[in-house]
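Undergrad: For reference, the structure I am asking about is given below.
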Amino acid sequence: MARRRKKNLGTNIAAILIAAFVALPLYWMVASAFKNQIDISSAAAVPPHPTTSNFSNAFSNYSFGTYLLNSAVVAVCTTVLVLALGTFAGYALARLPMRGKTAIMTALLMISLFPTIAVVAPLYLLLRDIGWLNSYQGLVLAYTALMLPFAIWILRNYFVGIPKAMEESARVDGAGPVRTVVQVILPQALPGVFTAGVFTFVAAWTEFIIALTLDNTDRYRTIPVGIALFGGQFTTPYGTIFAASAVAMLPIALLVLIFRRAVVSGLTSGAVKG
Amino acid sequence: MTVIDTPGRLDAGGRPRRRGELRRSSARLGWGFASPALLVIAAVMIFPIVFSIVMSFSHVNVTGNGFQLSGVTGRNYSILFGSPRYWHDLEFTVIYTLCTVVVEMILGTLIALVLERLTAARGWLMALLLMPWALITVVSADLWAYVYNGVYGVFDAIFNAVGVHDLNVLGTPTQAAIAMGVADVWKTTPFVAIMVLAGLVMLPGEVVEAARIDGANGWTIFWKVRLPLLRPALAVAVMFRILQAFGLFDLPYVLTHGGPGTSTESLALLGYRVLFNDLEFGPGAAVAASTAVIVLVVCLLFLKVFRTQVGEQED
Chain A
737 MARRRKKNLG TNIAAILIAA FVALPLYWMV ASAFKNQIDI SSAAAVPPHP
787 TTSNFSNAFS NYSFGTYLLN SAVVAVCTTV LVLALGTFAG YALARLPMRG
837 KTAIMTALLM ISLFPTIAVV APLYLLLRDI GWLNSYQGLV LAYTALMLPF
887 AIWILRNYFV GIPKAMEESA RVDGAGPVRT VVQVILPQAL PGVFTAGVFT
937 FVAAWTEFII ALTLDNTDRY RTIPVGIALF GGQFTTPYGT IFAASAVAML
987 PIALLVLIFR RAVVSGLTSG AVKG
Chain B
117 MTVIDTPGRL DAGGRPRRRG ELRRSSARLG WGFASPALLV IAAVMIFPIV
167 FSIVMSFSHV NVTGNGFQLS GVTGRNYSIL FGSPRYWHDL EFTVIYTLCT
217 VVVEMILGTL IALVLERLTA ARGWLMALLL MPWALITVVS ADLWAYVYNG
267 VYGVFDAIFN AVGVHDLNVL GTPTQAAIAM GVADVWKTTP FVAIMVLAGL
317 VMLPGEVVEA ARIDGANGWT IFWKVRLPLL RPALAVAVMF RILQAFGLFD
367 LPYVLTHGGP GTSTESLALL GYRVLFNDLE FGPGAAVAAS TAVIVLVVCL
417 LFLKVFRTQV GEQED
């Protein structure tokens, strides 16, 4: 028993070190968001004169409110579209007898891992030609295509694990294929849908290079681009940046906490079980 | 055997359907369900990739309202391959990718082993680990730029306290690359840890138990039994990380601006700068397309080697 206790002690110390490794930079970000203009240039661990002026500055002197709204609109629309399209595609690839399913799944995996730089220039030209630069729909379309492949992977892996008996009885009851998917399959695949949803939302919320390329006005700029362009050429307003960052982190942190299990199982089934 | 093959169903006309006909109609249904998603992906992801490759082999004339492609040429690639900057950026991206992925895999596996044995507060630690993963990369780049700042960064303050002065982390090529690697490791190791943990949890307990009964100690069990069994999970994590790291863009764009000089410039950053700052669409497309081809080849190699883990789809 003593040996076991010693083992636990070692594990707990290691766990505390890991937690510190992860949490300290995050703490530094939040603490710095509350430092005033003078203290931001000091390495004080606790803000000596805590202030909320950085937060009001982000909203009043910079257009952070607009960026927040833009990111929310784009991320929500992308997530809804990806889930709607991805659910049916994932179901078909899991259950229905189509030729070339292996090839499609392999291609989707490769596309989801492709460096985004390979698509930005043609995407820019494509969206410019249809007049969708600097618009919500342009970014939503790009993100939907970018994030669908991985979402289809996650969803398909969930559908494969659902017993077929349910669909059979729905079919016997005379439900059409669309109704079967929406009313019978979807409720059972809910954890998978949450996982795909959280992954898509996080990806859309954090994406940088496409947003940087497609939107060059403040009106449609999203948070990552907005924060990257804060400040002038010679000064970086770190207090304001971290105040904005802390606000931007909040919805994602809540989402991850609420759907923690779904995210972890997504990493499990989406990536490993394959 | 799929559900649609259930025999004895009647169609609208009351005739019993033949199996082949049923199969065909449900295959049609499958394509009907899948095609909206696949069309979007084809139009907005695959077409641009192909277009990048075409553009990289074309004369690109920039005109007032855009540009025109005319004629096939190898000029873009000869510009690229004749440029020391391209070779430097390729070398940097490859070395950076290999180093960060090796460190992430080792640290990630260690963290996963701790998580597996942890009894209290495991869920909370997992939630905490997901935070860097979900953080906007631009934000983490700003955060680390602040930490490394040569005038008031906490990093210098710590080193000053132990007697090391005048560090200029982001101003020295090797140190800047390492500093960026640390920021990368901080953000992505938790992701690796959770993927590896998933693999650990799925290991068959009996095998480890059998080794224990045979008198193997914990160390031997880890190296000889668990690690080999874990290989597929590790391989998938390695593939994900290598390919993501190879597209490195956000971090150098914000943290080091590719500098000092172009010492920490990744291929993606080079491609972006050539395309959108220099407006050299031909050579820019060549950077983008050649990066994509490298990723494609690495991906295919991985899939070939680990076919059984990643590729077995047909049921």
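So the protein lines, in turn, are chains A and B.
Quick note: the first sequence uses the working numbering, first residue 737, plus one each step.
Quick note: the second sequence uses the working numbering, first residue 117, plus one each step.
Cβ coordinates follow ideal geometry from the N, Cα and C atoms, glycine included.
What are the residues in the segment 761-792 of chain A lying within 9 Å of chain B by C-beta distance?
TA: Look at the segment 761-792 of chain A: the residues with a C-beta under 9 Å from a C-beta of chain B are 761, 762, 764, 765, 768, 776, 777, 778, 779, 781.
Undergrad: Within 10 angstroms of its Cβ, does residue 930(A) collect 16 or more other Cβ (buried), or is it exposed?
TA: buried
Undergrad: Please determine if the segment 246-261 of chain B and the segment 326-343 of chain B are in contact, where contact requires at least 3 C-beta pairs separated by less than 8 Å.
TA: no
Undergrad: Might you give, ordered along the chain, the residues of its own chain that have their beta carbon closer than 6 Å to the beta carbon of residue 172(B), omitting 5 neighbours on each side?
TA: 192, 401, 402, 405
Undergrad: Am I right that residue 869(A) and residue 822(A) are in contact with their C-beta atoms under 8 Å? What's the rounded C-beta distance?
TA: Residue 869(A) to residue 822(A), Cβ: 26 Å. No contact.
Undergrad: Under the DSSP definition of a beta bridge, which residues are partnered with residue 185(B)?
TA: Within the DSSP secondary-structure output, residue 185(B) pairs in a beta bridge with 176(B).
Undergrad: In or out: residue 421(B) buried (at least 16 other Cβ within 10 Å) or exposed?
TA: exposed
Undergrad: For a contact defined as C-beta to C-beta under 9 Å, what are the partners of residue 262(B) on chain A?
TA: Neighbours of residue 262(B) across chain A, judged by C-beta separation under 9 Å: 764, 765, 768, 776, 972, 974, 977, 978.
Undergrad: From residue 144(B) to residue 817(A), what distance separates their C-alpha atoms?
TA: Straight-line Cα distance between these residues: approximately 23 Å.
Undergrad: Looking only at its own chain, which residues have a Cβ that is under 6 Å from the Cβ of residue 927(A), when we skip the five neighbours before and after it?
TA: 998
Undergrad: Are three or more beta carbon pairs between the segment 898-914 of chain A and the segment 785-794 of chain A nearer than 8 Å?
TA: No: the two stretches stay apart, fewer than three of their Cβ pairs being nearer than 8 Å.
Undergrad: Is residue 374(B) closer than 8 Å to residue 380(B) when the C-beta atoms are compared?
TA: yes
Undergrad: Please go through the same chain and pick out, in chain order, the residues whose beta-carbon is closer than 7 Å to the beta-carbon of residue 411(B), but skip the five residues on each side of it.
TA: 359, 362
Undergrad: Assign residue 212(B) to buried or exposed, taking buried as 16 or more other Cβ atoms, counted over all protein chains shown, within 10 Å of its Cβ.
TA: Burial call: buried.
Undergrad: Is there a Cβ of chain A sitting closer than 8 Å to that of residue 202(B), yes or no?
TA: no
Undergrad: Distance check for residue 284(B) and residue 426(B), CA to CA, integer angstroms please.
TA: Bear in mind that the predicted position of residue 426(B) carries a pLDDT of just 44, short of 50, making it too unreliable to give a figure here.
Undergrad: Ordered along the chain, which non-local residues of its own chain (more than five positions away) have a Cβ less than 7 Å from that of residue 785(A)?
TA: Setting aside the 5 residues that flank it on each side, residue 785(A) is surrounded in the same chain by 772, 775, each with a C-beta closer than 7 Å to its C-beta; the list follows chain order.
Undergrad: Quick one: what does DSSP say residue 380(B) is sitting in, helix, strand or coil?
TA: coil
Undergrad: Of all the options 825(A), 882(A), 846(A), 943(A), which has the alpha carbon lying nearest to the alpha carbon of residue 918(A)?
TA: 825(A)
Undergrad: Short of 7 Å in beta carbon distance, which residues of its chain neighbour residue 324(B), apart from the five on each side in sequence? Order them along the chain.
TA: 337, 341, 342
Undergrad: Since residue 269(B) contacts residue 263(B) with CB under 8 Å, what's their CB separation in whole angstroms?
TA: 5 Å
Undergrad: So, helix, strand or coil for residue 998(A), using DSSP?
TA: helix
Undergrad: Is the CB of residue 993(A) under 8 Å away from at least one CB in chain B?
TA: Output row for residue 993(A): interface = yes.
Undergrad: Whose CA, out of 856(A), 783(A), 972(A), lies closest to the CA of residue 168(B)?
TA: 856(A)
Undergrad: Taking any Cβ of chain A, which residues in the segment 141-156 of chain B have a Cβ under 7 Å from it, in chain order?
TA: 142, 143, 145, 146, 147, 149, 150, 152, 153, 154, 156
Undergrad: Helix, strand or coil for residue 204(B), going by three-state DSSP, please let me know.
TA: Three-state DSSP puts residue 204(B) in a helix.
Undergrad: Figure out for me which residue from 879(A), 865(A), 971(A) has the closest Cα to the Cα of residue 848(A).
TA: 879(A)
Undergrad: Rounded to the nearest angstrom, what separates residue 288(B) and residue 376(B) at their Cα positions?
TA: 6 Å
Undergrad: Whole angstroms are fine: how far does the CA of residue 877(A) sit from the CA of residue 978(A)?
TA: Between the C-alpha atoms of residue 978(A) and residue 877(A) there is a straight-line separation of about 30 Å.
Undergrad: Which one of 972(A), 974(A), 962(A) has the shortest CA to CA distance from residue 801(A)?
TA: 962(A)
Undergrad: Report back the beta-carbon spacing between residue 950(A) and residue 925(A) to the nearest angstrom; my notes put them in contact at under 8 Å.
TA: About 32 Å; that fails the 8 Å criterion.
Undergrad: Below 7 Å on C-beta distance, what does residue 988(A) contact in chain B?
TA: 250
Undergrad: Does the Cβ of residue 865(A) have 16 or more other Cβ atoms within 10 Å, making it buried, or fewer, making it exposed?
TA: Exposed.
Undergrad: Under 8 Å between C-beta atoms, does residue 985(A) make it to chain B?
TA: yes
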